[in-house]
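2 protein chains.
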Amino acid sequence: MPRVIVDVMPKPEILDPQGKAVHGALPRLGFNAVTDVRQGKRFELEVDSADEATLAEVHQLAETLLSNPVIEDYSVRVDA
Amino acid sequence: MPRVIVDVMPKPEILDPQGKAVHGALPRLGFNAVTDVRQGKRFELEVDSADEATLAEVHQLAETLLSNPVIEDYSVRVDA
Numbered sequence: 644m645p646r647v648i649v650d651v652m653p654k655p656e657i658l659d660p661q662g663k664a665v666h667g668a669l670p671r672l673g674f675n676a677v678t679d680v681r682q683g684k685r686f687e688l689e690v691d692s693a694d695e696a697t698l699a700e701v702h703q704l705a706e707t708l709l710s711n712p713v714i715e716d717y718s719v720r721v722d723a
Numbered sequence: 644m645p646r647v648i649v650d651v652m653p654k655p656e657i658l659d660p661q662g663k664a665v666h667g668a669l670p671r672l673g674f675n676a677v678t679d680v681r682q683g684k685r686f687e688l689e690v691d692s693a694d695e696a697t698l699a700e701v702h703q704l705a706e707t708l709l710s711n712p713v714i715e716d717y718s719v720r721v722d723a
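Protein chains in written order, with this note's numbering: chain A, 644 to 723; chain B, 644 to 723.
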């Protein structure tokens, strides 16, 4: 069955406390190669078929249930 | 600056309560095209360069800090 991936990330201008917390822990653990960390959510949706109507429904779902459009951006893609 | 994406998802055999909660809400909201939902985490890591040493460090970081290998799988890819 086809799978649709919805990625939800905080908007760039929005403070990302989870990302900051991870980023702050890196030097203590000896990790120095990463200069910034942002954390979001990933949804894997199984669908019967990845046709236009289904993708339209996924976009609406992403906008209303999976993300908060005031503070988050989302992207939708079909997983081959 | 190059960006490395780390996706962390619950292992298939592990119960995913968040995914189940989202899936359970879909019919009430009129969404019928989605047959299953799994929810995980997405990390966007900014790095100075996406060379081999950095990617090795990101794998170690993903294994030790960003995921729980007992219940989660992770994947690492360079975001073009």
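For every residue, glycine included, the Cβ atom is placed at its ideal position computed from N, Cα and C.
Everything numeric in this text was worked out from a predicted model, so none of it was measured.
| Query | Result |
| --- | --- |
| How is the beta strand (DSSP E) around Leu688(A) delimited, first residue to last? | 677-690 |
| Name the chain A residues that come within less than 8 Å of Lys684(B), Cβ to Cβ? | Gln682, Gly683, Lys684, Arg685 |
| Would you grab the beta carbon distance between Glu689(B) and Thr678(A) for me? Rounded to a whole angstrom, and I think it's under 8 Å. | 5 Å |
| Cα separation between Leu709(A) and Gln703(B)? | 29 Å |
| With burial defined as no fewer than 16 other Cβ atoms inside 10 Å of the residue's Cβ, what is the status of Gly667(B): buried or exposed? | exposed |
| For a cutoff of 7 Å on Cβ pairs, would you count Ala699(B) as touching chain A? | no |
| Taking only beta-carbon atoms, is Ala676(A) less than 7 Å away from chain B? | yes |
| Who are Glu715(A)'s beta bridge partners in DSSP? | Pro653(A) |
| Does Val690(A) have its Cβ less than 7 Å from a Cβ in chain B? | yes |
| Under 7 Å, Cβ to Cβ, is there at least one residue of chain A near Leu658(B)? | no |
| Compute the Euclidean distance between the alpha carbons of Asp659(B) and Arg681(B), then round it to the nearest angstrom. | 7 Å |
| Taking Cβ positions only, does Asp650(A) come closer than 7 Å to chain B? | yes |
| Ordered along the chain, which non-local residues of its own chain (more than five positions away) have a Cβ less than 6 Å from that of Gly683(B)? | Val651, Met652 |
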